[in-house]
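Participant: I am attaching a structure below and will ask some questions about it afterwards.
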Amino acid sequence: WKLRLKALFLSIPILLAMAPLFAGNRFMLFSAPILAIGIGYCVQILYNLHKRVPIKITHGIALLLVIIGITSTYKKIMHNFVKPTAVDNIHLLNALDNFTPKDANIWTEWDLGYQIQYYLDRGT
63 WKLRLKALFL SIPILLAMAP LFAGNRFMLF SAPILAIGIG YCVQILYNLH
113 KRVPIKITHG IALLLVIIGI TSTYKKIMHN FVKPTAVDNI HLLNALDNFT
163 PKDANIWTEW DLGYQIQYYL DRGT
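Residues 63 to 186 (the working numbering) are what the sequence shown spells out, left to right.
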């Protein structure tokens with residue numbers, strides 16, 4: 063009961079960290095501090111572990127964690143994303159120009175927003 067207020071203080075960052083799961087990827091930046099705190103906590107556990115376990119085993123565990131982290135994300139790291147150009151989306155822009163009024167505001171993803179504003183002179 064004494065720690066109820068401190069637990070309530072932690073609830074908001076935890077909810078913000080879980081926001082990308084149910085509210086969209088744009089809330090991913092709120093989960094970065096929670097992830098950093100978790101990684102820092104794991105490093106602290108490994109640092110405290112060397113007092114009870116030989117240092118070579120601690121270094122081996124740390125190396126194993128780094129290898130697992132790199133191999134699990136290697137495909138995403140090496141994947142080259144090519145952004146579509148305005149020419150690739152010209153059929154979408156023509157359809158929007160034909161089917162929307164001149165004073166329309168268009169709800170769109172970030173990648174098409176600037177193209178719609180620039181080429182169609184519509185709000186996004």
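Positions of the beta carbon are idealized from the N, C-alpha and C atoms, including for glycine.
Model, not experiment: these values are computed from the prediction.
Measure the CB-CB distance between Asp159 and Leu174 and report whether it falls below 7 Å.
Facilitator: Not a contact, by the Cβ cut-off of 7 Å.
Participant: On the CB-based measure, 16 or more other CB atoms within 10 Å of its CB, does Gln177 come out buried or exposed?
Facilitator: Gln177 is buried by the Cβ-count criterion.
Participant: Taking three-plus beta-carbon pairs below 8 Å as touching, is the stretch 64-84 in contact with the stretch 93-107?
Facilitator: Output reads yes: the stretch 93-107 touches the stretch 64-84.
Participant: If we count the other Cβ atoms within 10 Å of its Cβ and call it buried at 16 or more, is Arg184 buried or exposed?
Facilitator: That one is buried.
Participant: Distance, Cα to Cα, His139 vs Val128?
Facilitator: The question names His, but residue 139 in the sequence shown is Ile. Approximately 15 Å, taken between the alpha carbons.
Participant: Can you tell me where the alpha helix (DSSP H) with His121 in it begins and where it stops?
Facilitator: Per DSSP, His121 belongs to the alpha helix (DSSP H) from Ile117 to Met140.
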